[in-house]
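What follows is a short report on a single structure.
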Amino acid sequence: MQQDATDTETVGDKANGPKRWRLFGVIGLLVALALIVAFVGVLIATKPNGQPEMNQAQRSLTVAQMLEQHPFLIAHRGGSADWPEMSVTAYTQAVSLGVDALEVSVARTRDGVFFGLHDRTLDRTSKISGQVDPTTLEWADLKARYKNKLNSTDPAGEDYTPVSDVFGTFAASRVIFVDTKYIGDQQQRTDLINLMLSYAPADHWVLKGYYTDAALAHQARQVGIQSWGYYYARDLTNLESTSSNWDMLGLELAATPAQWSQVTSKGKPTIAFFITGPADLEQAVTKGADGMMVSGVRATLGVRRPVQSP
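Per the working numbering: the sequence shown ends with 348, consecutive numbering throughout.
Have a look at this one:
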């Protein structure tokens, strides 16, 4: 009897079948492992409230993205308890630890250079005496004669930082809160705002002021920048008449739960100040804070942030 071609192929299949099935089994196992790895990756990249965790380059590019974080964390002067205030070192370290936003207080030299300084004088940060007023100095003279020594690991200190360096380095990747502090002249404030907007759009900035500074809030609104007005517990008798000026409100952490309820009832994002570590963070979340002005960045970011529901 003549054997046809199909009989020949059947014999070959019987010989090669076990090898083929083993190959299919290996491929199936690899696919299953790939799916498991992908699933685990999604779990790792998801925060406990179900929101995807953004990597550091993506975090809080805009105010709207910052407000989506619960709570959002702002490095007070870059981390005023940890590094020289408003220094490149401070901001670089704070960003590496994952803060959502940075805060800078701004002073101005006689020749119009805006730089990071919280005080009226250089005394505290340069560890000198003499009430040295930066508005009386040219920038070149200030930079040559004075250093930012507070919290510096180098006894010689660090250079004071022009805010243009801070803006140029970080405004594209972090929200920046700008405190005009003792710059009361409207034209100088306008110059500062124009400098800010030359580095990033309005939705990358928040102008910060004491609750009495309605003029700053108005100036911010005119150019589409959000504003943050902060209060101490002693100020809350004026809350009703002033809170409408501001897009966000701030309250000292030490205020009572009842005082916190008074502020959060306004329905605006509310920021607690100052957060020195995990215990403060937990307390602020309990009191209803949406955001945290963090002075102790290393201590606070060393633990997983608590999550409050959006």
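Think of the CB as a built atom: it goes at the ideal place given N, C-alpha and C, for glycine as much as any other residue. In this text the structure is predicted, and so the values were computed from the model without any measurement.
First and last residue of the uninterrupted alpha helix (DSSP H) at residue i
{"i": "Q107", "result": "It is not in any alpha helix (DSSP H) - Q107 carries neither H nor E in the DSSP assignment."}
{"i": "E290", "result": "Per DSSP, E290 belongs to no alpha helix (DSSP H); it is in the beta strand (DSSP E), M286 to E290."}
{"i": "W298", "result": "P295 to T302"}
{"i": "L254", "result": "A252 to Q260"}
{"i": "S279", "result": "L277 to T280"}
{"i": "T127", "result": "V126 to L135"}
{"i": "T338", "result": "V335 to L339"}
Per-residue DSSP class, three states only, for residue i
{"i": "L235", "result": "helix"}
{"i": "Y270", "result": "coil"}
{"i": "A317", "result": "helix"}
{"i": "A119", "result": "coil"}
{"i": "L99", "result": "coil"}
Nearest-angstrom Cα separation, counted from residue j out to residue i
{"i": "K181", "j": "L160", "result": "11 Å"}
{"i": "I231", "j": "T100", "result": "17 Å"}
{"i": "T280", "j": "L140", "result": "25 Å"}
{"i": "T308", "j": "M286", "result": "6 Å"}
{"i": "D157", "j": "V301", "result": "28 Å"}
{"i": "A24", "j": "D179", "result": "The shown model of the chain, from 39 to 348, leaves out residue 24, and the question about it has no answer."}
{"i": "A145", "j": "S164", "result": "15 Å"}
{"i": "V323", "j": "W298", "result": "11 Å"}
{"i": "F215", "j": "E320", "result": "23 Å"}
{"i": "V137", "j": "S265", "result": "19 Å"}
{"i": "D192", "j": "T147", "result": "25 Å"}
{"i": "H256", "j": "G305", "result": "20 Å"}
{"i": "A310", "j": "D251", "result": "19 Å"}
{"i": "L111", "j": "R212", "result": "11 Å"}
{"i": "G117", "j": "A293", "result": "22 Å"}
{"i": "Q107", "j": "L291", "result": "19 Å"}
{"i": "P239", "j": "L245", "result": "13 Å"}
{"i": "V332", "j": "A102", "result": "19 Å"}
{"i": "S5", "j": "R336", "result": "Any property of residue 5 remains undetermined from this structure, which presents the chain solely from 39 to 348."}
{"i": "S167", "j": "L254", "result": "31 Å"}
{"i": "G329", "j": "T314", "result": "14 Å"}
{"i": "P200", "j": "M124", "result": "9 Å"}
{"i": "A327", "j": "S190", "result": "31 Å"}
{"i": "Y249", "j": "N276", "result": "9 Å"}
{"i": "G150", "j": "D217", "result": "17 Å"}
{"i": "Y220", "j": "R227", "result": "10 Å"}
{"i": "N87", "j": "Y198", "result": "At N87, the pLDDT of 36 sits below 50, so the modelled position is not reliable and the matter cannot be decided from this model."}
{"i": "L339", "j": "L135", "result": "6 Å"}
Residue span of the beta strand (DSSP E) that contains residue i, given as start and end
{"i": "K246", "result": "W243 to Y248"}
{"i": "T308", "result": "T308 to I313"}
{"i": "A145", "result": "A139 to R146"}
{"i": "G329", "result": "G329 to V332"}
Interface flag, residue i vs chain B, CB-CB below 9 Å
{"i": "A132", "result": "Of the chains in the structure shown, none is chain B; there is only one protein chain."}
Would you call the region 256–265 and the region 183–192 touching, i.e. three or more CB-CB distances under 8 Å?
Inter-segment contact for the region 256–265 and the region 183–192 is absent: fewer than three beta-carbon pairs are separated by less than 8 Å.
If you scan the region 150–226 from start to end, which runs of the alpha helix (DSSP H) of 4 or more residues do you find wholly inside it?
If one requires a minimum length of 4 residues, the alpha helix (DSSP H) runs lying completely within the region 150–226 are 161–164, 177–183 and 201–208, in chain order.
With three or more beta-carbon pairs closer than 8 Å as the criterion, would you say the region 163–176 touches the region 206–213?
In short, these stretches do not touch, since the Cβ pair count stays below three.
So, do the region 117–131 and the region 264–274 have three or more beta carbon pairs nearer to each other than 8 Å?
Judged by pairs of C-beta atoms under 8 Å, the region 117–131 does not touch the region 264–274, as fewer than three such pairs exist.
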